[in-house]
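As structure tokens, the structure follows; a few thoughts come after it.
Protein chains in written order, with the numbering used here: chain A, 38 to 242; chain B, 34 to 321.
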């Protein structure tokens, strides 16, 4: 059970507690885009497979941890920043644009799963780890299938025979980086984040 | 010198005579050109044109060195994807066999078409990033009446990226000062230790978000206000007659390309002089 120390869920808005969209949410969105831009570009430049697909995409941490903490603001950032980090790493404009649905699902699914299954971002139980792992795998599988099959094939950049390389490249690059960073970051910082006014209990506030 | 998204460009560069909206239009439309061109030599021509524009804009070409490995690795991946991973096709023309594996002309041709289609798309993006300043993107967005909150978030994001890079450097130096150095270490070690950068980087960003918010609130910023804001940034750029002319030229070139491609069947693989020449070299006496 995800609780705030008093046996209550961290996602539950307490009686009398006022939560509203504030300037801090706009700021956090901008900062997440900024962090993702740098971290994502690092992965894209250091471990490229081609067309914005990488063997080890460090941007996944911002894309999946951000929405867990900051709800829809994190999802917005997680959907937008890969467009910029890919651009700086040499991915054509329209290819980056076409990746948006994959990035949206990859950002949304872990956050949705954490709220739906009442998991604790501080990773206090096996269920929290299990749900995050499953959400990472499923969301990355969607991205890995959509991007090479729909985008790269749609642009005529890949042969049918080379699709598995890109599907596994996208999937592995996201899941391995997620395994390395997501759990540690959530464990290390969630305790602090959920006490800040930026933490989002519902989707927008 | 003016700091652009990817480097520095001198004040005297002609590129600053162009309105930011036209720069964005150039990115949006010229990025589309290679998608309708299969003839390799036309895409090479487009690349030469883009490089010439980049040099004429006085971009420091050394900053673009990071794209050489990207271009090379992309080329290798495309070549492998179309040859080694391309499968066996008895109906294709075999150029040679490597370790018993057939190398087909059709696959090499397709790899070249794709590679020389992707390179100008990348160069268009690199040209845009190398010659455009952060505030020009904001000006372009405001010029097309993008909502204030969107442009503001984008402006903050670009500033935040700069700050994160600075924070990243500080965190790295702090860890090096404590004896941690990932130089000459194996990749798994570097990846594991990369976590040591991520946690402080996120923590710093969280702290910055509060500082940012306090600064904005103290200045009375509100994103919900319906009050019309003076667009100071737009007053810094004048839409001149040559901007209009450039916009028309870009649109006309695109229209011409579409007509040539779909009305007259030009810019196709069959239309490529370079590919025909390469075919005669690789398969002497072979049919097209």
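Think of the CB as a built atom: it goes at the ideal place given N, C-alpha and C, for glycine as much as any other residue. Just so we're clear, the structure is a prediction, and the values are computed from it rather than from any experiment.
Euclidean distance between Cα positions of residue i and residue j
i, j, result
"residue 108/B", "residue 114/A", "31 Å"
"residue 189/B", "residue 116/A", "16 Å"
"residue 143/B", "residue 78/A", "29 Å"
"residue 52/A", "residue 230/A", "21 Å"
"residue 49/B", "residue 223/A", "45 Å"
"residue 51/B", "residue 201/B", "34 Å"
"residue 187/A", "residue 129/A", "16 Å"
"residue 308/B", "residue 77/B", "12 Å"
"residue 273/B", "residue 177/B", "16 Å"
"residue 267/B", "residue 173/A", "43 Å"
"residue 57/B", "residue 219/B", "42 Å"
"residue 321/B", "residue 190/A", "Confidence in residue 321/B is poor, its pLDDT being 49 and thus under 50, which makes the residue's placement unreliable; the coordinate value appears in the next sentence. If I take the Cα positions, the gap works out to 25 Å."
"residue 68/A", "residue 292/B", "44 Å"
"residue 90/B", "residue 270/B", "18 Å"
"residue 149/A", "residue 97/A", "16 Å"
"residue 214/A", "residue 155/B", "26 Å"
"residue 140/B", "residue 143/A", "34 Å"
"residue 206/A", "residue 239/B", "31 Å"
"residue 82/B", "residue 63/B", "11 Å"
"residue 114/B", "residue 237/A", "44 Å"
Contact with chain B by residue i, beta-carbon distance below 7 Å
i, result
"residue 238/A", "no"
"residue 131/A", "yes"
"residue 60/A", "yes"
"residue 47/A", "no"
"residue 85/A", "yes"
"residue 75/A", "yes"
"residue 127/A", "yes"
"residue 145/A", "no"
"residue 226/A", "yes"
Neighbour list for residue i in chain A, Cβ cutoff strictly below 8 Å
i, result
"residue 11/B", "In the structure as shown, chain B begins at 34 and stops at 321. Residue 11/B is therefore absent and cannot be evaluated."
"residue 224/B", "93, 217"
"residue 201/B", "75"
Neighbour list for residue i in chain B, Cβ cutoff strictly below 7 Å
i, result
"residue 65/A", "242"
"residue 198/A", "118, 119, 120"
"residue 212/A", "The premise fails here: residue 212/A is roughly 14 Å from chain B at the closest Cβ pair, so nothing lies under 7 Å."
"residue 148/A", "What residue 148/A touches in chain B: nothing, since even the nearest Cβ is about 16 Å away."
"residue 169/A", "Per Cβ cutoff of 7 Å: no residues; residue 169/A is ~16 Å from chain B at best."
Counted within 10 angstroms of its Cβ, other Cβ atoms place residue i as buried (16 or more) or exposed
i, result
"residue 133/B", "exposed"
"residue 191/B", "buried"
"residue 199/B", "exposed"
"residue 265/B", "exposed"
"residue 122/B", "exposed"
"residue 152/A", "buried"
"residue 313/B", "exposed"
"residue 277/B", "exposed"
"residue 326/B", "Within the shown structure, residues of chain B are numbered from 34 to 321, placing residue 326/B beyond reach of any answer."
"residue 243/A", "Lying before the first or after the last residue shown, residue 243/A is absent from chain A, which here runs from 38 to 242."
"residue 72/B", "buried"
"residue 111/A", "buried"
"residue 213/B", "exposed"
Under 7 Å from the C-beta of residue i: neighbouring residues of chain A
i, result
"residue 238/B", "68, 72"
"residue 194/B", "71, 74, 75"
C-beta neighbour in chain A for residue i, strict 7 Å
i, result
"residue 155/B", "yes"
"residue 249/B", "yes"
"residue 321/B", "Note that residue 321/B scores 49 on pLDDT, short of 50, meaning its location in the model is unreliable; the coordinates nonetheless yield the value given after this. With 7 Å as the cut-off, residue 321/B does not count as an interface residue toward chain A."
"residue 229/B", "no"
"residue 189/B", "yes"
"residue 331/B", "Residue 331/B is absent from the model: chain B starts at 34 and stops at 321."
"residue 97/B", "no"
"residue 53/B", "no"
"residue 163/B", "no"
Beta-carbon neighbours of residue i, restricted to chain B and to distances below 9 Å
i, result
"residue 222/A", "228, 231, 232, 235"
"residue 233/A", "239, 242, 243"
Near the ligand SAH: residue i beta-carbon under 6 Å from a heavy atom
i, result
"residue 270/B", "You won't find the ligand SAH in this model; it holds no ligand whatsoever."
Contacts that residue i makes with chain A (C-beta to C-beta distance below 9 Å)
i, result
"residue 204/B", "Residues of chain A passing the Cβ test: none, with the nearest at roughly 12 Å."
Please go through the segment 137 to 222 of chain B and give each complete alpha helix (DSSP H) segment of 4 or more residues, from N-terminal end onward.
138 to 164, 167 to 176, 181 to 210
Write down every uninterrupted run of the beta strand (DSSP E) in the segment 60 to 144 of chain A whose length is 3 residues or greater and which is fully enclosed by it, in chain order.
85 to 87
At 4 residues or longer, and completely inside the segment 281 to 320 of chain B: list those alpha helix (DSSP H) runs for me, N to C.
306 to 315
Where are the alpha helix (DSSP H) runs, 4 residues long or more, that stay fully inside the segment 152 to 187 of chain A, in chain order?
163 to 183
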